[in-house]
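Just below is one structure, and these are the notes that go with it.
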């Protein structure tokens, strides 16, 4: 099987198995955007909202935005107990498919779903937040969207490394550890009066978006390439026994 044939086969295979999961992710993005719209609308208005809401909003962006590249088809408990990703990988490894194609297909899956679902999340807040519409134009909103998508692709590269390279328990530990780490970061920044969602808006409004996007794209390319190579190396040597 050639690499192109393998990518096509795995792409269809993943879509058939995970399309319902991505539908749930899509719906979750709309729900989360609707809930978060009240916080962002209040934070951009004249009313003073509790600092904890700003911290929560930053935490949601930092932790939830990256999962828009994942299919919400398994609970954390199921991933811990059943090791779903490892079993699927073991099945693919029995087929005449190049290892690189398996990893590439997973990265491409995120590259397609992340921008679409992430944009829906941003647009939902824009439609439901009058103060956000007053603060930024649709073109500026697109730039904000690109910045968060670039960040999320970086985090997703790490998710894929753990998803394919380690057992389910280790993947869940990384996922929960990342959530906790970001909660600590948001708490520290909030105490310093720094709110990341507002800072991104400020970067765009002050005309620094080109620099921010360029830096994020460079970092994303480097991190994705490193995680891609690390994932291939890890999968090649890991045990597929359960």
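Residue numbers (the working numbering): 37 to 278. Even for Gly, the Cβ is constructed at its ideal location relative to N, Cα and C.
Exposure of residue i, with buried meaning 16 or more beta-carbon neighbours within 10 Å
i, result
"residue 275", "exposed"
"residue 238", "exposed"
"residue 250", "exposed"
"residue 150", "buried"
"residue 197", "buried"
"residue 142", "buried"
"residue 103", "buried"
"residue 235", "exposed"
"residue 63", "exposed"
"residue 54", "buried"
"residue 227", "exposed"
"residue 244", "exposed"
"residue 119", "buried"
"residue 261", "exposed"
"residue 101", "buried"
N-terminal and C-terminal residue of the alpha helix (DSSP H) that residue i is part of
i, result
"residue 188", "174-201"
"residue 207", "204-227"
"residue 257", "245-273"
"residue 242", "Looking at the DSSP string, residue 242 is not in any alpha helix (DSSP H), and its letter there is neither H nor E."
Rounded Cβ spacing between residue i and residue j (contact assumed at less than 8 Å)
i, j, result
"residue 247", "residue 179", "Not quite, the Cβ-Cβ distance comes to about 12 Å (not below 8 Å), so this is no contact."
"residue 231", "residue 90", "5 Å"
"residue 218", "residue 51", "The pair is not a contact, with the Cβ atoms about 30 Å apart (cut-off 8 Å)."
"residue 257", "residue 156", "At roughly 25 Å, the Cβ-Cβ gap does not stay under 8 Å, so residue 257 and residue 156 are not in contact."
"residue 136", "residue 80", "Going by Cβ atoms, the distance from residue 136 to residue 80 rounds to 45 Å, so no, they are not a contact pair."
"residue 97", "residue 233", "6 Å"
"residue 107", "residue 57", "3 Å"
Spatial neighbours of residue i in its chain, beta-carbon cut-off 8 Å, leaving aside the 5 residues before and after
i, result
"residue 121", "115, 199, 200, 204, 207"
"residue 43", "137, 140, 141, 144"
Close Cβ partners of residue i (< 6 Å) along its chain, the five nearest in sequence each way excluded
i, result
"residue 77", "165, 167"
"residue 128", "138"
"residue 187", "none"
"residue 75", "89, 93"
Own chain residues within Cβ distance below 7 Å of residue i, not counting five before or after
i, result
"residue 267", "139, 196, 197, 200, 201"
"residue 87", "226"
"residue 263", "193, 194, 196, 197"
Legend entry - Minimum length 4: unbroken alpha helix (DSSP H) runs contained in the stretch 71-155: 87-100, 112-118, 120-129, all fully within the stretch 71-155.
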